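J.: Input: one structure, supplied below.
Number of protein chains: 2
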Amino acid sequence: MDVSNVRIVIFDTFGTVVNWHESVVQEGEALGRAKGVSIDWHEFANVWREEGYIKVMYEVAQGLRPWEPVDVLHRRKLDELLDVYGLKLTEEETDHFNRLWHRLLPWPDVQEGLRRLKTKYSIGPFSNGDFRLLLNMAKGSGLPWDFILAGQQFQKFKPDPTIYEDAVELLGGRPEEVLMVAAHPSDLDGAHAIGCPTLYVPRPLEYGAVNNHVEPEAKYDHETVADFRELAARLGV
Amino acid sequence: MDVSNVRIVIFDTFGTVVNWHESVVQEGEALGRAKGVSIDWHEFANVWREEGYIKVMYEVAQGLRPWEPVDVLHRRKLDELLDVYGLKLTEEETDHFNRLWHRLLPWPDVQEGLRRLKTKYSIGPFSNGDFRLLLNMAKGSGLPWDFILAGQQFQKFKPDPTIYEDAVELLGGRPEEVLMVAAHPSDLDGAHAIGCPTLYVPRPLEYGAVNNHVEPEAKYDHETVADFRELAARLGV
């Protein structure tokens, strides 16, 4: 793949940049201990993600229901899960726990890789997360973004096929200038379809060590890098 | 003014962060020497700014004409000015000169002030400049933004009174969390009107030492800081 024209690198975020599963488990376990309840937080995390977000996201991306902020989707499912798991929280505690998605922690290779990439490229998340969520995550975890692209800005969710064009247009680039990085083939397919170069970073532990998540297969071939350090090396920094 | 709730600081950019007048003069003088023509670049810079951008910007902000990218506005006026001043350039040279607005240089207090502010606040330009222009400017001049807000994202120009609400909504904040900094009273008025705290940074040399620019008077009182170092101190960093 030719990356000689690349000036801007955009990143899927949940799963690709940050380890949401482990972040939910860690905050959940601390909360469970404080409340004296025993919960399978690995299961809790994956159900929250799959049913609260992934399912809705695909419906929005296909035009079957209107866009809503991710904070709202997370909260709607969280209220259900607290009932199901019998965990009683105040409104303030619930709101704080819901916003753990603003505090997700990066995979261990991310900060070094991004720092190296930033010396030569403009870098930013291109995520379905809300703008403020991505901003809080960046400030909290030291992600050195140059800019933030949120689905919120287009009132769409990836992998809506039109959102990749919207992003490249906002970035003021030709598609070959904008490289998309993701752990999810469908996201890379959307970028590839409009002419962006793509790099696949597998994150086999995204849903934890044991999970039932099935990722849609890629329509196109995507070059693979092992992590963000190898990504930086592939891009010459 | 109470700034205890402030989490995000947004900045008018042309004039407030970067010294566009001097940047145009410097690139213009180098170009004039290369082409063997003598031009009053101080006048050239101010006419380009006032007639090519300011006049159109106010018409767009008042809903009298549709939004267009700033690159397009700059280029339209540049083509006129090259004729008027008898400066002959190739298409490639004209495009490069037009994009000097992507290469504007900051005032000398800016980088230190922003670095200090970034330790505690999320910071970003909130500018009528196009997204890519602001990104290129940041990378070229080492402006350590956390995010970029461009009028392009809303297809509006400040000081359209509705764009300040759009910005605060995208930032996911209450108005009292978002502080607006500008050298232009009308911009501060727009932010103040929706409840944002505001700080005025006078830039008396924005149009050079001698100029005819008349800035609209402020509708509201705005607290003043001398420069970005004093701004950082005012915000406790």
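Sequences listed follow chains R and S, in order.
Residues 1 to 237 in this note's numbering are what the first sequence lists, from first letter to last.
Residues 1001 to 1237 in this note's numbering are what the second sequence lists, from first letter to last.
For every residue, glycine included, the Cβ atom is placed at its ideal position computed from N, Cα and C.
Bear in mind the structure is a predicted one, so any value in this text is a computation, not a measurement.
Along the beta strand (DSSP E) that carries Val239 of chain R, what are the first and last residues, could you check?
T.: This structure gives no information on residue 239 of chain R, because the portion of chain R shown stretches from 1 to 237.
J.: Checking contacts by CB at 8 Å: is Asp1146 of chain S closer than that to chain R?
T.: yes
J.: What in chain S is Cβ-close to Gly236 of chain R, meaning under 7 Å?
T.: Correct list: empty, because the minimum Cβ distance to chain S is about 16 Å.
J.: For the putative contact between Leu179 of chain R and Val9 of chain R, defined by C-beta atoms under 8 Å, what is the C-beta separation to the nearest angstrom?
T.: 5 Å
J.: Which residues does DSSP list as the beta-bridge partners of Glu223 of chain R?
T.: R:Leu199
J.: So for Gly172 of chain R, helix, strand or coil by DSSP?
T.: The answer is coil: DSSP assigns Gly172 of chain R none of H, G, I, E or B.
J.: Ignore the nearest five residues each way along the sequence and tell me which others in Gly1086 of chain S's own chain have a CB closer than 8 Å to its CB.
T.: Val1037
J.: Buried or exposed for Asp221 of chain R, please, with buried defined as at least 16 other CB atoms from any protein chain shown within 10 angstroms of its CB.
T.: Burial check for Asp221 of chain R: the Cβ neighbour count within 10 Å stays below 16, so the residue is exposed.
J.: Using a Cβ-Cβ cut-off of 8 Å, state whether Asp130 of chain R counts as contacting chain S.
T.: True, the Cβ-Cβ gap to chain S drops below 8 Å.
J.: Looking at the unbroken beta strand (DSSP E) that takes in Ser316 of chain R, where does it start and where does it end?
T.: There is simply no residue 316 of chain R to check, as chain R begins at 1 and stops at 237 in what is shown.
J.: With a floor of 4 residues, list each alpha helix (DSSP H) that falls wholly inside the region 107 to 170 of chain R, ordered by position along the chain.
T.: 110 to 118, 131 to 141, 163 to 170
J.: Thinking just about the alpha-carbon of each residue, which of S:Lys1118, S:Val1060, S:Val1084, S:Gln1152 is nearest to the one in Trp1145 of chain S?
T.: Ranked by Cα distance from Trp1145 of chain S, the first of S:Lys1118, S:Val1060, S:Val1084, S:Gln1152 is S:Lys1118.
J.: Count the C-beta pairs between the region 1030 to 1049 of chain S and the region 1126 to 1137 of chain S that are closer than 8 Å, then say yes if the count reaches three, no if not.
T.: no
J.: Does DSSP put Ile54 of chain R in a helix, in a strand, or in coil?
T.: helix
J.: With burial defined as no fewer than 16 other Cβ atoms inside 10 Å of the residue's Cβ, what is the status of Val1072 of chain S: buried or exposed?
T.: exposed
J.: Can you give me the start and stop residues for the alpha helix (DSSP H) that Phe228 of chain R sits inside?
T.: 228 to 234
J.: What residue range does the beta strand (DSSP E) around Phe991 of chain S cover?
T.: For residue 991 of chain S there is no data in the structure shown, the boundaries of chain S being 1001 and 1237.
J.: Helix, strand or coil for Val1070 of chain S? Go by DSSP, reduced to three states.
T.: Helix.
J.: Could you work out which residues of chain R lie near Gln1153 of chain S, taking near to mean beta carbons separated by less than 9 Å?
T.: Gln153, Leu170
J.: Find the nearest neighbour of Asn211 of chain R within the set R:Gly52, R:Asn46, R:Arg75, R:Phe97, judged by alpha-carbon distance.
T.: R:Asn46
J.: Tell whether a beta-carbon distance below 8 Å holds between His21 of chain R and Glu230 of chain R.
T.: no
J.: Between Tyr164 of chain R and Leu235 of chain R, is the Cβ-Cβ spacing less than 8 Å?
T.: no
J.: If Glu1027 of chain S sits next to Leu1078 of chain S, beta carbons under 8 Å apart, how far is it from one beta carbon to the other, in whole angstroms?
T.: At roughly 12 Å, the Cβ-Cβ gap does not stay under 8 Å, so Glu1027 of chain S and Leu1078 of chain S are not in contact.
J.: If you drop the 5 nearest sequence neighbours on each side, which residues of the same chain put their C-beta closer than 8 Å to that of Thr1224 of chain S?
T.: Leu1199, Tyr1200, Val1201, Pro1202
J.: Who are the neighbours of Gly173 of chain R on chain S, taking C-beta pairs under 9 Å?
T.: Arg1132
J.: Mind checking whether Trp238 of chain R and Leu81 of chain R have CB atoms under 8 Å apart?
T.: Since the first and last residues shown for chain R are 1 and 237, residue 238 of chain R lies out of range.
J.: Which chain S residues are close to Ser122 of chain R, counting only those with a beta carbon under 7 Å from its beta carbon?
T.: Leu1135, Lys1139
J.: Can the beta-carbon of His1184 of chain S be found less than 8 Å from the beta-carbon of Glu1215 of chain S?
T.: yes
J.: Along the chain, where does the beta strand (DSSP E) that runs through Val1009 of chain S open and close?
T.: 1008 to 1011
J.: Taking buried to mean at least 16 other C-beta atoms within 10 Å of its own C-beta, is Met1137 of chain S buried or exposed?
T.: Met1137 of chain S is buried by the Cβ-count criterion.
J.: Under three-state DSSP, which class holds Val60 of chain R?
T.: helix
J.: Cα-Cα, which of R:Val168, R:Thr162, R:Gly195, R:Arg115 is closest to Ala233 of chain R?
T.: R:Arg115
J.: Please list the terminal residues of the continuous alpha helix (DSSP H) segment that includes His964 of chain S.
T.: Any answer about residue 964 of chain S is impossible in this case: the structure gives chain S only from 1001 up to 1237.
J.: Which residue comes first and which comes last in the alpha helix (DSSP H) that contains Asp187 of chain R?
T.: 185 to 193
J.: Using only alpha-carbon positions, find the residue among R:Phe14, R:Phe44, R:Gly173 that is nearest to His102 of chain R.
T.: R:Phe14
J.: Between Val181 of chain R and Thr16 of chain R, is the Cβ-Cβ spacing less than 8 Å?
T.: yes
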